[in-house]
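Numbering (my numbering), first residue to last: 1 to 246.
This is the structure:
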């Protein structure tokens with residue numbers, strides 16, 4: 001489906017278009033005999049990729065500024081981020097297939113380390129520890145789950161890598177960089193759509209920290225199946241309050 005810059009500028013129109021694509025893709029999966037819970041993850045991944053393709057088209061055509069982000073630049077991968085449950089389930093499915101037992105055990109160790117370092121601390125205190133808190137999926141400066149990385153990671157961007165370095169070296173958690181509004185809007189809308197869709201189905205839908213969400217999946221029997229039946233898979237006990245990401 002072709003998109004114009006005006007489609008993104010008209011927020012409600014873009015949301016309606018994306019919602020229609022979501023419904024069409026779910027119906028297509030149903031007609032092909034795919035079970036609902038598997039279809040949810042497949043469609044979420046496809047819609048994320050679709051949103052990415054819109055951004056790439058805009059940047060290639062000069063309708064949106066090109067960001068400075070590139071492979072190997074990982075300053076922003078040293079911050080605790082929030083994801084929604086369906087993102088955690090997609091990540092869990094991916095690592096269950098692509099990670100070895102030793103790699104998954106290493107993830108458990110990183111989760112325990114992160115929980116230990118951040119327990120009882122404020123956002124400002126945690127920010128000063130960011131050098132000790134690389135993302136659990138960061139290895140040799142690259143993302144090991146890049147194909148299914150969360151929407152916040154796709155939208156977190158910068159026009160100038162130098163400002164990223166300054167923010168990384170700063171101890172001020174309010175440090176910011178100049179980001180692409182188009183990326184933030186498109187991917188923020190995508191995440192909100194699936195959050196609202198999950199909530200409408202009475203599934204857990206509110207944001208939670210990445211490491212805690214993955215931990216809940218690893219410690220649950222069939223987390224996708226339980227979530228899709230409306231059971232509580234994710235724990236929201238004593239959440240750390242972060243500023244809004246979008």
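Note that the Cβ used here is the ideal one computed from N, Cα and C, for glycine as well.
Next on the checklist: Could you give the first and the last residue of the continuous alpha helix (DSSP H) run that contains residue 144?
Outcome noted: First-last for residue 144: undefined, no H or E at that position.
Checklist entry - Do three or more CB pairs link the stretch 167 to 174 to the stretch 114 to 131 at distances below 8 Å? => result yes
Checklist entry - Just how far apart, CA to CA, sit residue 68 and residue 182? => result 15 Å
Checklist entry - Counting along the chain, where does the alpha helix (DSSP H) carrying residue 189 start and finish? => result 181 to 200
Checklist entry - From this set, 186, 154, 77 and 133, which residue's C-alpha is nearest residue 15's C-alpha? => result 186
Item to check | Minimum length 4: unbroken alpha helix (DSSP H) runs contained in the stretch 29 to 106 | outcome: 36 to 60 and 85 to 98
Next on the checklist: Using C-beta distances below 8 Å, list every residue in its chain close to residue 166, excluding the 5 sequence neighbours before and after it, in chain order.
Outcome noted: 175
Item to check | Secondary structure of residue 256, DSSP reduced to three states | outcome: Outside the modelled stretch of the chain, which goes from 1 to 246, sits residue 256, for which no answer is possible.
Item to check | Cβ-Cβ distance between residue 41 and residue 90 below 8 Å | outcome: yes
Checklist entry - Would you report the Cα separation of residue 157 and residue 27, rounded to the nearest angstrom? => result 33 Å
Checklist entry - Taking the alpha-carbon positions, what's the residue 70 to residue 160 distance? => result 11 Å
Item to check | CA nearest to the CA of residue 48, picked from 179, 231 and 22 | outcome: 22
Next on the checklist: Under 8 Å: do the stretch 135 to 149 and the stretch 71 to 81 share three or more Cβ pairs, one atom per stretch?
Outcome noted: yes
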